[in-house]
Structures are given as structure tokens and as C-alpha cells.
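Peer 1:
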Amino acid sequence: MADTFTILGIAGSLRAASYNKAALRAAVEVAPQGVRIDTFDIADIPGFNQDKEREPPAKVAELKQRIRAADAVLFVTPEYNYSIPGVLKNAIDWASRPYGDSAWTGKPAAVMGASVGMLGSARAQYHLRQCCVFLDMPAVNQPEVMIANAARRFDANGRLTDETTRALIGQLIAALVRLTHTMRGTRQSAAA
Ligand SMILES: Cc1cc2nc3c(=O)[nH]c(=O)nc-3n(C[C@H](O)[C@H](O)[C@H](O)COP(=O)(O)O)c2cc1C
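Letter by letter, the sequence shown follows residues 15 to 206 in my numbering.
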């Protein structure tokens, strides 16, 4: 299906019962027709070592290939100590290197996240948006999807049961598709 819009979804938690992994599953479910979200599991990516950036581990090479093959990226981040988890930052760092060969450059992004606290990973999301500035990833501004008090919004099977949040995630994905098309149109007309 050549016309399928593909999004690479990356959750920033390695926890088996992760709310953020569960939120990413919800995104897969609510993606509109013609949009497919493929997920990438960042488990097993070793700690970044700049000595190895020109010959990265196979998992990193795969991540870079998957980013490049996707039309856009969806980050689903927990909040650890008011920021993004080290494992997510580590994956971002690997795929951004070596200098001049970042897989992220120009790739449109959407950011969402869940936390057990009242701010729903807001602080982590703003740190992630800051990374997107240097990575040159245009990010969707609205809607912001901050899933607060996560323990109340997922059932025992890890299904997002909060219908308002499910609808909001659908809107976020639609906005990501719109942003991507807008960017492509802008770049085409700039080149004309
Ligand atoms: C190291 C660590 C730091 C955390 N810091 C925060 C925090 O700053 N803000 C917050 O809302 N929750 C914080 N939490 C709680 C997380 O929101 C909670 O563990 C959540 O379930 C993590 O996401 P996950 O379910 O996708 O693994 C922290 C958890 C850990 C393990």
C-alpha cells in the first residue's frame, strides 16, 4: 500500500506493564484509516559511546533505518525526575550521530506521554521538545496529550479506557499527518 502514511512509534519505558507502552498501543488502535503506526522497542540498545558512533550496534543501525523509512515519528515518554528517561535520550542520541548523519533531521514528530503524577509527563515532554529543536524535528504543537494519574486511565490489561484521552490521541495523530503534508508542500513550493 504505497499510500499508507507510516509513523514510527517509540515508547520511552522498558517496563513490561508500562503505561507509556500501553498509550502507544492505544495510538496504534486509534490511528485513522490510511495511517499505520509501527513500533520500535528501544530495549537492548547499549549505552551511547561516541567511539562506536561510526560503527553502531545492529539495533541502532536498525533504528536509524526505521526512522528514515517512516513518514513521521511519535514519541511516547514517561517522566523521570522531571525529564525524559535515560533510555529514551540514549536512543535519540545514538540515532543523531555521527554528526551530519542524524536519522532525525527534518522528520516531523508528535510527543505524548503518561505519568502516575498530576502533570502527565508535561515536564518531560517539554524537555523532549527542546531536543527536537536541535534535532531539526518539527513537532506538533496541539493537541498536547498529557495522561495524568495514569493508574486510573488504563485497565488491568493495559488498555487505555479513558475515551477522552483516546480521542485526543487520534487528534494528535491527525495533526502529525497534517503537519507532514504541510511541510512537504512548503518545501516543494520553496524549491519551485
Ligand atoms: C526514576 C523515576 C523517576 C520518576 N520521576 C517522576 C517525575 O518526575 N514525575 C512523574 O510524574 N512521575 C515520575 N515517576 C513515576 C512515573 O510516572 C511512573 O513510574 C510511570 O509509571 C512511568 O512510566 P511507565 O509506566 O511507562 O513505565 C518516576 C519514576 C521513576 C522510576
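Beta carbons are placed, not taken as given, at the ideal position from N, Cα and C, and that holds for glycine.
Would you check whether ligand 1 has a heavy atom nearer than 7 angstroms to the C-beta of K213?
Peer 2: With the chain covering only 15 through 206, there is no way to say anything about residue 213.
Peer 1: Quick one, are the C-beta atoms of I81 and A124 less than 8 angstroms apart?
Peer 2: By 1-based counting over the sequence shown, the position of residue 81 is 67. By 1-based counting over the sequence shown, the position of residue 124 is 110. Contact: no.
Peer 1: Quick check: the Cα distance between A153 and R180, rounded to an integer number of angstroms?
Peer 2: Locating residue 153 in the sequence shown gives position 139, counting from the first residue. Locating residue 180 in the sequence shown gives position 166, counting from the first residue. For A153 and R180, the distance between alpha carbons rounds to 20 angstroms.
Peer 1: If you measure from the CB of G131, is any heavy atom of ligand 1 nearer than 7 angstroms?
Peer 2: Here residue 131 corresponds to residue number 117 of the sequence shown, with the count starting at 1. For ligand 1, at least one heavy atom lies less than 7 angstroms from the Cβ of G131.
Peer 1: Within the chosen definition, does the stretch 180–199 reach the stretch 134–149 through at least 3 CB pairs nearer than 8 angstroms?
Peer 2: no
Peer 1: Once DSSP output is grouped into helix, strand and coil, what is the label at D52?
Peer 2: Numbered from its first residue, the sequence shown carries residue 52 at position 38. Note: D52 maps to strand in three-state DSSP.
Peer 1: So who's on the other strand from G114, going by DSSP bridges?
Peer 2: For the purposes of this step, residue 114 is identified with residue 100 of the sequence shown, where counting begins at 1. G114 pairs with nothing; no bridge assigned.
Peer 1: Mind checking whether the beta-carbon of Y94 lies closer than 7 angstroms to any heavy atom of ligand 1?
Peer 2: The count along the sequence shown starts at 1 and reaches residue 94 at position 80. Yes.
Peer 1: Nearest-angstrom Cα distance between G120 and L133?
Peer 2: For the purposes of this step, residue 120 is taken as residue 106 along the sequence shown, with counting starting at 1. For the purposes of this step, residue 133 is taken as residue 119 along the sequence shown, with counting starting at 1. Roughly 29 angstroms separates the two Cα atoms.
Peer 1: Skipping 5 residues on each side, what residues in its chain have a beta carbon closer than 8 angstroms to that of T18?
Peer 2: The residue labelled residue 18 in the question sits at position 4 within the sequence shown. Within the same chain, and ignoring the five residues on either side of T18 in sequence, the residues whose Cβ sits closer than 8 angstroms to its Cβ are G48, V49, R50.
Peer 1: Do you know whose CA, among T200, G199, L190, lies nearest G23's CA?
Peer 2: For the purposes of this step, residue 23 is taken as residue 9 along the sequence shown, with counting starting at 1. Nearest Cα to G23 within the set T200, G199, L190: L190.
Peer 1: Short of 6 angstroms in beta carbon distance, which residues of its chain neighbour A86, apart from the five on each side in sequence? Order them along the chain.
Peer 2: Start at 1 with the first residue of the sequence shown, and residue 86 comes out as number 72. Closer than 6 angstroms at the Cβ level, and outside the excluded window around A86, lie I21, P122, L190, T194.
Peer 1: How about I59 and K73: are their beta carbons less than 8 angstroms apart?
Peer 2: Within the sequence shown, residue 59 is the residue found at index 45, counting from 1. Within the sequence shown, residue 73 is the residue found at index 59, counting from 1. In this structure, K73 lies closer than 8 angstroms to I59 by Cβ.
Peer 1: Between L142, D176, L174, which has its C-alpha nearest I106's C-alpha?
Peer 2: Counting from one through the sequence shown, the residue named residue 106 turns up at place 92. Minimum Cα distance to I106 is reached at L142.
Peer 1: Does the beta carbon of A128 fall short of 7 angstroms from some heavy atom of ligand 1?
Peer 2: The count along the sequence shown starts at 1 and reaches residue 128 at position 114. Answer for A128: yes, Cβ within range of ligand 1.
Peer 1: Am I right that M160 and G127 are in contact with their C-beta atoms under 8 angstroms? What's the rounded C-beta distance?
Peer 2: Residue 160 sits at position 146 when you count from the first residue of the sequence shown. Residue 127 sits at position 113 when you count from the first residue of the sequence shown. Right, the Cβ-Cβ distance comes to about 7 angstroms (below 8 angstroms), so this counts as a contact.
Peer 1: Tell me which residue opens and which closes the alpha helix (DSSP H) that V74 is part of.
Peer 2: Here residue 74 refers to the residue found at position 60 when the sequence shown is read from its first residue. Note, V74: alpha helix (DSSP H), 72–83.
Peer 1: How about L102 and G26: do their beta carbons lie closer than 8 angstroms?
Peer 2: Taking the sequence shown and counting its residues from 1, the one referred to as residue 102 is at position 88. Taking the sequence shown and counting its residues from 1, the one referred to as residue 26 is at position 12. In contact: L102 and G26 (Cβ atoms closer than 8 angstroms).
Peer 1: Could you please give the first and the last residue of the uninterrupted alpha helix (DSSP H) stretch that includes L102?
Peer 2: Counted from its first residue, the sequence shown places residue 102 at position 88. From DSSP, the alpha helix (DSSP H) with L102 extends over 100–109.
Peer 1: Please say whether V130 and N6 have beta carbons closer to each other than 8 angstroms?
Peer 2: The requested residue 6 is not part of the displayed model; the chain covers only 15 to 206.
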